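Following my numbering, the numbering of the sequence shown begins with 4 at its first residue and continues without gaps.
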Amino acid sequence: MKKTYVRISKQIAFSYASTILLFLVTPLLVFLLTRTLSIAQYGIYSVLAVTVNVAGVLLDLGLSQYIMSRLAGIAPQRRAKAFFTLSTFMMAFVIAVIAAVLFTPLQGVILGVLRLTEYAAEFKIGLAIILCITLIRLFTAYLTAKKHVVLVNVIFFISQSLWVMLLFAAYAYTRTLSLLTVMTSWFAGVLVTLLVCFWLIRREFAHWHRSSAWSPEVIREGLLFSLPLLFFITGSWAIEIGDRYLLNGMLGSEAVGLYTLIYSLLGVIASLGTIVSQTFFPYIAAAWNQKQNYKIYLNAALKYSLVVIIPAMVGFFVLRTQIVTLVSGEKYLEAANIIPGLLLYPLLSALNYILYQIVLLRRRTMLIGGTYAVGAVINIGLNLFLIPRFSMTGAAIATVTSYAFVFAVLAYDARKAVRVDVRFLKLGRMLAAAALMGVGVWFANPYTVWAKIATMAAGAIVYFALIFLFGVFSKQERELLGSVLPPQLRKLVPMLSS
4 MKKTYVRISK QIAFSYASTI LLFLVTPLLV FLLTRTLSIA QYGIYSVLAV TVNVAGVLLD
64 LGLSQYIMSR LAGIAPQRRA KAFFTLSTFM MAFVIAVIAA VLFTPLQGVI LGVLRLTEYA
124 AEFKIGLAII LCITLIRLFT AYLTAKKHVV LVNVIFFISQ SLWVMLLFAA YAYTRTLSLL
184 TVMTSWFAGV LVTLLVCFWL IRREFAHWHR SSAWSPEVIR EGLLFSLPLL FFITGSWAIE
244 IGDRYLLNGM LGSEAVGLYT LIYSLLGVIA SLGTIVSQTF FPYIAAAWNQ KQNYKIYLNA
304 ALKYSLVVII PAMVGFFVLR TQIVTLVSGE KYLEAANIIP GLLLYPLLSA LNYILYQIVL
364 LRRRTMLIGG TYAVGAVINI GLNLFLIPRF SMTGAAIATV TSYAFVFAVL AYDARKAVRV
424 DVRFLKLGRM LAAAALMGVG VWFANPYTVW AKIATMAAGA IVYFALIFLF GVFSKQEREL
484 LGSVLPPQLR KLVPMLSS
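Here it is in structure tokens:
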């Protein structure tokens, strides 16, 4: 067990290292786009981006979830045969759907509904991106089932950051950006990522190709498991991005641009918890499938998610105007008013993901799908009611309310399978440390760029010093955390070994 925890600790450390880099890349992307595009153009980009991402998730038909949850812990040959059967089927399916959009009147209908008629070229590039990211999802699901979490994070980092680097290079060369340049850079980045995925499993692919192994039974079983999840996938994405489509239709693309800025920044916080949960999930799934004690991993996933999400939320709330102006300038200052209404989104998103994993392992896919479908209806209904009355804040309230509904249903269903170890969690001490950190950065009240950056860095240092001081981590946890560090660095952090 200790050896497994050391492995998980190292995987989490690597995950957080890549997340920290993404923590820098994401604001840099927002910085570049919001300062080179108009607010309306940034809103159009947001509509294109969410459309591409939603389609990429929907078109995998939930099979990535089947791969992660049902192929974990089984014999390698069976796992490889099942994966390549599913990926071949999925590639043919997605290409057929894209061809149907391109060569029928459906393309014009979609462009008209999304108000993207003037951006047909960008939309077509988006279709190519959809094919790439759908296949990337399957590859990362397969590597997750094999517990290659570090490789999964490398792929995720490449897919999220390479195209941003290309975009910065394009801007440095031309000193201007267009939406066509943005979409082209995105396609180049995900295409390279897909090629990396093929290279990583080249030997298994060659072995499968020589054996010509094909299992229609795997496709049937996979679809029976995953198709009910389409309600979950559709519902979860409707909750997450439905507000932006409705804002675009009711208030215009500028409102979408302002709202997306805050959603993107809070999304970075949500990803901190999701990465921890994703790291633990193959271990939870393997223990569940082998009828071993999975609750140890589950409580660890919960604790290490909250330990980073809580202070990030506090700091973001206290420094909301400073962060918005730091990233996007004064023209986006109005967006800071959205933050109080949307603040609970990262916390609820992270908790829902953990609960979803347990309910999924219990094969309660119909419940998951129904819950998210009802949540989507609640989200759309509240948006239609609240946006005309409270503008973007109404959209924020609708989103958080939908997430809260999903949390309540999943928590009730998983109550017997989830046993929270309060003594291990030490939530009160986390909250106390975050509150003290928040008071400190509030008094700092920075104005200059470097003062804002220094305040955020100091806040993070103070918080982590406090959680060690308050005993949030046990001696065993400190030793495990210390085992991740090189011996030379470990000596500089005595708290990890005392």
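Here a beta-carbon is modelled for each residue, glycine too, at the ideal position from N, C-alpha and C.
What you are looking at is a predicted structure, and each value in this text was computed from that prediction instead of being measured.
Note down, in chain order, each residue of its chain lying with its Cβ closer than 7 Å to the Cβ of V362, except the 5 sequence neighbours on either side.
Result list for V362: L370, I371, L413, D416, A417, in chain order.
Which word fits K429, buried or exposed, when buried means at least 16 other C-beta atoms lie within 10 angstroms of its C-beta?
By the 10 Å Cβ count, K429 comes out buried.
Find out if the Cβ-Cβ distance for the pair I432, F473 is shorter than 9 Å.
Here residue 432 is Arg; the residue named in the question, Ile, does not match the sequence. Yes.
If you follow the alpha helix (DSSP H) that L61 is part of, which residue opens it and which one closes it?
Here the alpha helix (DSSP H) through L61 covers 42–61.
Quick check: the stretch 134–152 against the stretch 182–198, are there 3 or more CB pairs under 8 Å?
In short, these stretches touch, since the Cβ pair count reaches three.
Cα-Cα, which of L36, G443, I139 is closest to D63?
Selected option, being the one with the closest Cα: I139.
My understanding is that A338 touches I265, with C-beta atoms under 8 Å, so please give their C-beta distance in whole angstroms.
That belief holds up - the Cβ atoms of A338 and I265 are roughly 5 Å apart, short of 8 Å.
If we ignore side chains and look at the alpha-carbon of each, how far apart do I244 and K478 end up?
Roughly 42 Å separates the two Cα atoms.
Taking 9 Å as the cut-off, decide whether the C-beta atoms of A398 and T237 are in contact.
No, they are not a contact pair.
Express the C-alpha separation of G318 and A401 in angstroms, rounding to a whole number.
Taking the straight line from one Cα to the other gives about 23 Å.
Determine the burial state of L499: buried for a count of at least 16 other Cβ atoms within 10 Å of its Cβ, exposed for fewer.
Per-residue confidence for L499 stands at a pLDDT of 47, beneath the threshold of 50, marking its modelled position as unreliable; no derived number is given.
Given a threshold of 16 other Cβ atoms within 10 Å of its Cβ, counted over all protein chains shown, does F126 qualify as buried or as exposed?
Buried is the call here.
Terminal residues of the continuous alpha helix (DSSP H) containing I113?
Here the alpha helix (DSSP H) through I113 covers 109–116.
Reducing DSSP to helix, strand and coil, say where Y145 ends up.
Of the three classes helix, strand and coil, the one that applies to Y145 here is helix, per DSSP.
Do S229 and Q68 have their CB atoms nearer than 9 Å?
It is a contact, given that the beta carbons lie within the stated cut-off.
Look at the alpha carbon of F142 and the alpha carbon of V310, and state the distance between them as a whole number of angstroms.
Each residue's Cα considered, the two are about 30 Å apart.
Please report the straight-line C-alpha distance between F393 and G255, rounded to a whole angstrom.
Roughly 15 Å between the two C-alpha positions.
Between the C-alpha atoms of P349 and A273, what's the straight-line distance to the nearest angstrom?
Cα to Cα, P349 sits roughly 4 Å from A273.
Can you tell me whether V409 is buried or exposed, with buried defined as 16 or more other CB within 10 angstroms of its CB?
Per the 10 Å Cβ criterion, buried.
Please look up how many angstroms separate the CB atoms of A43 and G270, rounded, as I've assumed it's under 8 Å.
About 21 Å; that fails the 8 Å criterion.
My understanding is that V158 touches C200, with C-beta atoms under 8 Å, so please give their C-beta distance in whole angstroms.
The sequence shown places Ile at residue 158, not Val. Correct: roughly 6 Å between the Cβ atoms.
Using the C-alpha atoms, what's the distance from P314 back to K419?
In a straight line, the C-alpha of K419 is about 29 Å away from that of P314.
So what does DSSP say about G356, is it helix, strand or coil?
A quick correction: the sequence has Tyr, not Gly, at residue 356. It is helical.
Is the beta carbon of Q281 sitting closer than 9 Å to the one on V152?
Against a cut-off of 9 Å, the Cβ pair of V152 and Q281 comes out as a contact.
For L488, which residues of its own chain have a beta-carbon under 6 Å away from its beta-carbon, when the five flanking residues on both sides are left out?
With a pLDDT of only 48 at L488, under 50, the local geometry of the prediction cannot be trusted, and the value read off the model is given with reservation. Excluding positions up to five away in sequence, the list is empty.
Let's test the definition: count the other Cβ atoms within 10 Å of the Cβ of Q80 and tell me whether it reaches 16, buried, or not, exposed.
Q80 is exposed by the Cβ-count criterion.
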